[in-house]
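J.: Below is one structure. I have some questions about it.
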Amino acid sequence: MSDMQIKKSSTVYDAIVVGSGAGGGMAGYVLAHGGLKVLMLEAGPWWDPAKDSMQLKMPYESARRGAGTTRAFGDFDAAFGGWDLDGEPYTTKDKTEFNWFRSRMLGGRTNHWGRISLRMGPNDFKSHHIDGLTDDWPITYDEVKPYYDKVDRMIGVYGTKENLENEPDGIFLPPPKPRLNELFIKKGAVKAGVKVIAGRGSVLTEALPGNKDRGACFFCGQCGRGCKIYGDFSASSCLVIPAMKTGNLKVIPNAMVREVLTNKEGLATGVSYVSKDDMQEYQVNAKIVILGASACESARLLLNSKSAQHPGGLANSSGVVGKYLHDSTGASLGGFLPQLMDRKRYNEDGVGSVHIYSPWWLDNKKLDFPRGYHIEYGGGMRMPGYGFMNGIQSKNGLVPGKDGKMKEAGGFGADLKNDYRRFYGTSVGMAGRGTAIAREDNYCEIDDKVVDKYGIPVLKFHYKWTDAEIKQAKHMSETFQEMMHQMGGIITSKIEGPETNYGLEAPGRIIHEVGTIRMGDDPKKSALNKWCQAHDCKNLFVVDAAPFVQQGDKNATWTILALSMRTSEYILSQRQKLNV
Amino acid sequence: MNRRDSLKALGLTTLSTAVLLDACKPKTGEETGSEASAATPEAGRQQWEVDREKKLMADKYFTDHEMATITVLGDIIIPKDEKSGSASDAKVPEFIEFIVKDIPEHQLPMRGGLKWLDMQCFNRYNKSFVDCSHDQQIEMVTEIAYPAKAKPEMAQGVAFFNRMRDLTASGFFTSKIGIADIGYMGNTPTKWTGVPDDVLKQYGMENV
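The listed protein sequences derive, respectively, from chains A and B. Under this note's numbering, the residue at position 179 of the first sequence is numbered 179, and the numbers go up by one with no gaps. Under this note's numbering, the residue at position 7 of the second sequence is numbered 7, and the numbers go up by one with no gaps.
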């Protein structure tokens, strides 16, 4: 024990950024380009898609054929981490079922994400007027729009101009054309009264104007593995690595931040971290501390940063840190299109994000639940992997054979082998992603009895779905069934009933968790001001999804990027006041 | 980055992309046995993943008798036909040996199911499954291969066979032989321009 010491650096950086994902990456990019000396701490290893991606590997190059044994989304998936990390537990209370996905690696969860890049709309930022259930953001869509525009130009996103009120158009590259099963979906959706438009994804379907470092997509459909030519958005390829080229950004990987350090005035002076490489403790100093560790991890950091000036945790005089945690609702349905049996083979990998999607299309005044959801679609002639056509016995008795006669389900031999061929590429899947209401009593807090292997107190979650989310899931299920019916599809997944909340996924499963360090104008009801600057600590900022007041049914990443850019530009404009 | 640079970054040139692409790939899978992928730590793999896989490769789960049974069953499920080889040609038994170590939930149902099958065959034919004649094997498998019409007392066998069928399909259609058979044509640089015209026409989707 006598050899334990804390290694203190004498360097004072202009800013320390904790985390290298969408929020941290963007802050590092903007500040380094703005001339600040920035130190970025990442809890996982260095990971550059150009070298580390499993792109273009065939299933037989994995002993487990791509199964998700060691990586939740399969052996080729980019994410290091998952739902459970060795030595880094989290706990729950009151029978909460909450799952927390963490990617410990450069770029964080932007490595494996679906690249679905939706802007929040005017009614997402200001939603109180709709039904009184939610709080307004302190900012409007119009205030964020210029940053969404800049993110679009800088990173690239495909889509189509639709002029929909709450689905703002961006500056779009051309979208990929629909696959065959998606044309059937489109046709069926129209009959079911569901709107379908081109997907919106951060994949370079064409070369990005003005960018020489990134290649245009070559359509392997494997964005989730990371792209060796940087043809899609990940924080490493598009933000962190370019920012390092300015000479102003230093990245320390495998640095697990323990707490934010403050002085007697209550201002942040730096952070302490444990290095996973040598298990030694370090302290580093900066004039500004910026948290982008993910909504829950950043809340954990603040709650673990207690001092005489900040007895309830840093930036938490309001007591809101950890509260208002919300993740998108999610429910899904799968089946197949018998019309597509024995279909012609060709390469339809396309892009690794959605080719089509359905923005929310209904009026809640006529519905028994608040707010809405969008629908993402899948299926087609995908690369075979572990689990390929599992459960064919639940399919091959449902349709006539080539001879027109019905067959007994299941089987073996040449006939079964032929069935696999017949059914290949007929699958169709749909998944809803909806607005969950941010509630004060859905929260994470510090577990006072449990620490992780670094001795850092862990999070304990309390989260309950309510009628609002459950009825939304019921509506998803009914809509999906109607669409499948209208497109002539056959449902093979189980139709869930009230006993399983109509298939509503447990909170956390959709990996859109936000809201734990929310912004607002009132310091009694929020932790951050409208620039994501702590009310209680003017040189502390949060740039991940924690500042979200209320998520719409839009995936969070594009808004994280826009807000982080906005906060970072604010920091540059306030350099004198912030003493950097 | 232009297209030529992109292909270079992928280790390809614009010349005969597909051929080179194939040549660039490490020889793993069927030709050298799937062990090859664990032999050397590779970029993008965490050390614990590499170590874990090495250990699994060194362990042996199934007995020789069990492996022989799996081999016969696999080839009954996916036999050689005019288009492609059998499950064992695609090294499905080796895949199953690995995957039950990798995903231990498979172990008990597989081991118990194989034993259940042998006991059924002893009771019927006084022989273990592999020692039965081909006709006897088919007769036995037929009892458990059709979930809806199987007799209630065959339910455990049906559950086992469903699992065995799934694992066989997974192993076969993820092999080189199986991918060629199923006709997956992707995983190669291309330009996606939408559904081919003849296919649009076939399904009347020209105007959707």
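Glycine is no exception: its CB is placed at the ideal position from the N, C-alpha and C atoms. No experiment lies behind these values; they were computed from the predicted model shown.
Can you find the residues in the same chain that come closer than 7 Å, C-beta to C-beta, to A/G624, ignoring five residues on each side of it along the sequence?
T.: Outside the shown range of chain A (1 to 580) lies residue 624 of chain A, about which nothing can therefore be said.
J.: Could you work out which residue in B/F172, B/P196 and B/I70 is closest to A/F388 when comparing CA atoms only?
T.: On the first sequence, residue 388 of chain A is found 388 positions in, with the first residue counted as 1. Among B/F172, B/P196 and B/I70, the Cα nearest to that of A/F388 is on B/F172.
J.: Tell me whether B/T32 sits in a helix, a strand or coil according to DSSP, three-state version.
T.: What you label residue 32 of chain B is simply residue 32 of the second sequence in a count that begins at 1. With a pLDDT of only 38 at B/T32, under 50, the local geometry of the prediction cannot be trusted, and no value is derived from it.
J.: Answer yes or no: do A/H33 and A/T262 have a C-beta to C-beta separation smaller than 8 Å?
T.: Residue mapping note: residue 33 of chain A aligns to position 33 of the first sequence, counting from 1. Residue mapping note: residue 262 of chain A aligns to position 262 of the first sequence, counting from 1. No, the pair does not count as a contact, with Cβ atoms beyond the cut-off.
J.: Relative to chain A, which residues along the stretch 111-123 of chain B have a C-beta separation below 7 Å, given in chain order?
T.: From the stretch 111-123 of chain B, no residue has a Cβ closer than 7 Å to chain A.
J.: May I ask you to report which of helix, strand or coil DSSP gives A/S272?
T.: Numbered from 1 along the first sequence, position 272 holds the residue referred to as residue 272 of chain A. Strand, per DSSP.
J.: Figure out for me which residue from B/S88, B/I76, B/I103 and B/E49 has the closest Cα to the Cα of A/A67.
T.: Within the first sequence, residue 67 of chain A is the residue found at index 67, counting from 1. With distances taken between Cα atoms, A/A67 lies closest to B/I103.
J.: Among A/G199, A/L173, A/W100 and A/Q339, which residue has its Cα nearest to the Cα of A/H485?
T.: As a position in the first sequence, residue 485 of chain A is number 485, starting the count at 1. It is A/Q339.
J.: To be precise: take each residue of the stretch 224-242 of chain A, compare its Cβ to all Cβ atoms of chain B, and keep it if any distance is under 7 Å. Which residues remain?
T.: Residues K228 and I229.
J.: Given B/Q137, which residues of its chain have a CB within under 7 Å of its CB, disregarding the five upstream and five downstream residues?
T.: Mapped onto the second sequence, residue 137 of chain B falls at position 137. Result list for B/Q137: V72, I76 and F129, in chain order.
J.: Tell me which residues share the same chain as B/K25 and place their Cβ nearer than 7 Å to its Cβ, disregarding the 5 neighbours each side in the sequence.
T.: Translated into positions along the second sequence, residue 25 of chain B becomes position 25. Any reading at B/K25 must be qualified, since the residue scores a pLDDT of 45, below 50, and its modelled position is unreliable; no value is offered.
J.: Pull up the distance between the alpha-carbon of A/E265 and that of A/K177, whole angstroms please.
T.: Here the question's residue 265 of chain A lines up with position 265 in the first sequence. Here the question's residue 177 of chain A lines up with position 177 in the first sequence. Rounded to whole angstroms, A/E265 to A/K177 spans 57 Å at the Cα level.
J.: Just tell me which of A/V194, A/C296 and A/D467 has its CA closest to the CA of A/W360.
T.: Within the first sequence, numbered from 1, the residue matching residue 360 of chain A stands at position 360. Looking at the Cα atoms, A/V194 is the closest of the given residues.
J.: Between the stretch 482-510 of chain A and chain B, which residues of the former have a C-beta closer than 7 Å to a C-beta of the latter?
T.: Taking 7 Å as the Cβ-Cβ cut-off against chain B, none of the residues of the stretch 482-510 of chain A qualify.
J.: Please state if the CB of B/D59 and the CB of B/K101 are separated by a distance shorter than 8 Å.
T.: Here residue 101 of chain B refers to the residue found at position 101 when the second sequence is read from its first residue. Here residue 59 of chain B refers to the residue found at position 59 when the second sequence is read from its first residue. Result yes, Cβ atoms of B/K101 and B/D59 sit closer than 8 Å.
J.: Could you tell me the boundaries of the alpha helix (DSSP H) in which B/G171 lies?
T.: On the second sequence, residue 171 of chain B is found 171 positions in, with the first residue counted as 1. It spans A155 to F173 - the alpha helix (DSSP H) in which B/G171 sits, taken as one unbroken run.
J.: Just checking: is the beta-carbon of B/M154 within a distance shorter than 8 Å of some beta-carbon in chain A?
T.: Locating residue 154 of chain B in the second sequence gives position 154, counting from the first residue. No, B/M154 lies away from the interface with chain A (no Cβ there is under 8 Å from its Cβ).
J.: What does DSSP give as the partner residue(s) for A/E482 in the beta ladder?
T.: One-based indexing of the first sequence puts residue 482 of chain A at position 482. None, per the DSSP bridge assignment.
J.: Classify A/K538 as helix, strand or coil using the three-state DSSP reduction.
T.: Counted from its first residue, the first sequence places residue 538 of chain A at position 538. Strand at A/K538.
J.: Taking its Cβ as the centre, do 16 or more other Cβ atoms sit within 10 Å of A/N181, making it buried, or is it exposed?
T.: Taking the first residue of the first sequence as position 1, residue 181 of chain A is located at position 181. Label assigned to A/N181: buried.
J.: What residues of chain B sit near A/L596, judged by a beta carbon separation below 9 Å?
T.: Because chain A in this structure spans residues 1 to 580, residue 596 of chain A falls outside the shown range and cannot be described.
J.: Tell me which residues share the same chain as B/M1 and place their Cβ nearer than 8 Å to its Cβ, disregarding the 5 neighbours each side in the sequence.
T.: Looking up residue 1 of chain B in the second sequence gives position 1. Only A9 meet the Cβ criterion.
J.: Which same chain residues end up closer than 7 Å to A/S53 when comparing Cβ atoms and leaving out the 5 residues on each side of it in sequence?
T.: Locating residue 53 of chain A in the first sequence gives position 53, where the first residue counts as 1. Excluding sequence neighbours, A/S53 sits near A78, R225, G226, C227 and K228.
J.: Give me the chain B residues within the contact set of A/G410, using Cβ-Cβ distance strictly less than 7 Å, ordered along the chain.
T.: Start at 1 with the first residue of the first sequence, and residue 410 of chain A comes out as number 410. Result: A145, Y146 and P147.
J.: Determine the burial state of B/A23: buried for a count of at least 16 other Cβ atoms within 10 Å of its Cβ, exposed for fewer.
T.: Looking up residue 23 of chain B in the second sequence gives position 23. In this prediction, B/A23 scores a pLDDT of 39, lower than 50, which makes its location untrustworthy; no coordinate-derived value is stated.
J.: By alpha-carbon positions, which one of A/F184, A/K187, A/I185 and A/P146 ends up nearest to A/D169?
T.: Walking along the first sequence from the start, residue 169 of chain A turns up at place 169. Measuring from the Cα of A/D169, the nearest candidate turns out to be A/P146.
J.: Using a C-beta cutoff of 8 Å, does B/L108 count as contacting chain A?
T.: What you label residue 108 of chain B is simply residue 108 of the second sequence in a count that begins at 1. For B/L108, the answer is no, since every Cβ of chain A falls outside 8 Å of its Cβ.
J.: Would DSSP call B/T69 helix, strand or coil?
T.: Against the second sequence, residue 69 of chain B aligns to sequence position 69. The answer is helix: DSSP assigns B/T69 an H, G or I state.
J.: My output table needs one value for B/D64: the three-state DSSP class, helix, strand or coil.
T.: As a working mapping, residue 64 of chain B is identified with position 64 in the second sequence. Reduced to three states, the DSSP call for B/D64 is helix.
J.: Are the C-beta atoms of B/P26 and some chain A residue less than 8 Å apart?
T.: Taking the second sequence and counting its residues from 1, the one referred to as residue 26 of chain B is at position 26. Any reading at B/P26 must be qualified, since the residue scores a pLDDT of 42, below 50, and its modelled position is unreliable; no value is offered.
J.: Scan the stretch 39-65 of chain A and note each continuous alpha helix (DSSP H) run of 4 residues or more that stays entirely inside, going in chain order.
T.: Here the runs fully enclosed are 49-52.
J.: Would you mind stating whether A/V12 and A/A308 have Cβ atoms separated by less than 8 Å?
T.: Counted from its first residue, the first sequence places residue 12 of chain A at position 12. Counted from its first residue, the first sequence places residue 308 of chain A at position 308. Their beta carbons are not under 8 Å apart, which means A/V12 does not touch A/A308 by this criterion.
J.: Report yes or no: do the stretch 155-168 of chain A and the stretch 198-207 of chain A share at least 3 C-beta pairs separated by less than 8 Å?
T.: The stretch 155-168 of chain A vs the stretch 198-207 of chain A: in contact.
J.: Using the C-alpha atoms, what's the distance from A/L164 back to A/L362?
T.: Along the first sequence, read from residue 1 onward, the residue named residue 362 of chain A stands at position 362. Along the first sequence, read from residue 1 onward, the residue named residue 164 of chain A stands at position 164. Roughly 12 Å separates the two Cα atoms.
J.: Kindly list, in the order they appear in chain A, the residues whose Cβ is closer than 7 Å to that of B/Q46.
T.: By one-based count along the second sequence, residue 46 of chain B stands at place 46. Chain A residues near B/Q46: F80.
J.: Which residues in the same chain have their Cβ closer than 6 Å to the Cβ of A/G378, if we skip the five residues on either side of it in sequence?
T.: Here residue 378 of chain A is taken as the residue at index 378 of the first sequence, counted from 1. The residues are G429.
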